[in-house]
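Beneath this line is the structure, given in structure tokens, with notes to follow.
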Amino acid sequence: MELIYSAQKSDFDPQKRYRNPEHFERPEAGVTSVLVVGEWPNVVDAYESVGVEVAVKDVARALIVGGDKGELEGLIGKLRAESDTVRAVIDGLEAGEVEKPEAGELAIRLFYALDGIRLQMETLAGERDSEAEKARLLQKQVDDLLDQAAQARLETDETKEAKEIAELKAKLDAAGVPYRANASKESLEKLVSELPKA
156 MELIYSAQKS
166 DFDPQKRYRN
176 PEHFERPEAG
186 VTSVLVVGEW
196 PNVVDAYESV
206 GVEVAVKDVA
216 RALIVGGDKG
226 ELEGLIGKLR
236 AESDTVRAVI
246 DGLEAGEVEK
256 PEAGELAIRL
266 FYALDGIRLQ
276 METLAGERDS
286 EAEKARLLQK
296 QVDDLLDQAA
306 QARLETDETK
316 EAKEIAELKA
326 KLDAAGVPYR
336 ANASKESLEK
346 LVSELPKA
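Shown next as structure tokens:
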């Protein structure tokens, strides 16, 4: 497979594979030859060190006509400073501490955008915690209601059995049949079943 490392922004050949050398980290597996457009010595050295054939194509540099050298150097200096402040914001983000830069329009805009995202995340985390607490309280209420329902069923069963025992004892008392005071429901039912049918 052949790769072309080029920083171009357009005019790509759809039959070829391109990579941006600005994002180069290491040679890709399966590459048999590389064409490097421009001065990218790190790409050339990396592929040559793994035995891949590398060709370099020089790019004509644009000559800026008009404007004085001091003005251009000032502009380049401003661009470098802007780049440095943006990098500082990115480095701070990676370290977990983003501080507002003193200068640099793009860096300040980036800081405010990131800070807005941070505030939204804090709001969402607070809402999530609030909803989790509500869910926990609702679950406790459900558990309490289930316990109360189970207790009510148990009390209903016990009340029903006590009523049935009282009715059996009343029948035996009416028939004058003696029984133990702590007799079980089953023994009372047996005594009632032995009563003469009227």
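As numbered in this note's numbering, residues 156 to 353 make up the sequence shown, in order. The beta-carbon is built from N, C-alpha and C at its ideal position, and this holds for glycine as well.
{"query": "Boundaries (first-last residue) of the alpha helix (DSSP H) holding R264", "result": "260-330"}
{"query": "Beta-carbon proximity check, L350 vs A330, cutoff 8 Å", "result": "yes"}
{"query": "Length of the line joining the Cα atoms of L265 and V241", "result": "8 Å"}
{"query": "Contiguous beta strand (DSSP E) assignments of at least 3 residues, all confined to the segment 158-223", "result": "172-174, 188-192, 208-212"}
{"query": "Selection from A280, G225, W195 that minimises the alpha carbon distance to E180", "result": "W195"}
{"query": "Pairwise C-alpha distance: Q306 and V347", "result": "31 Å"}
{"query": "Cβ-Cβ separation, A201 to P182 (assumed contact under 8 Å), whole Å", "result": "5 Å"}
{"query": "Delimiting residues of the alpha helix (DSSP H) encompassing V347", "result": "340-348"}
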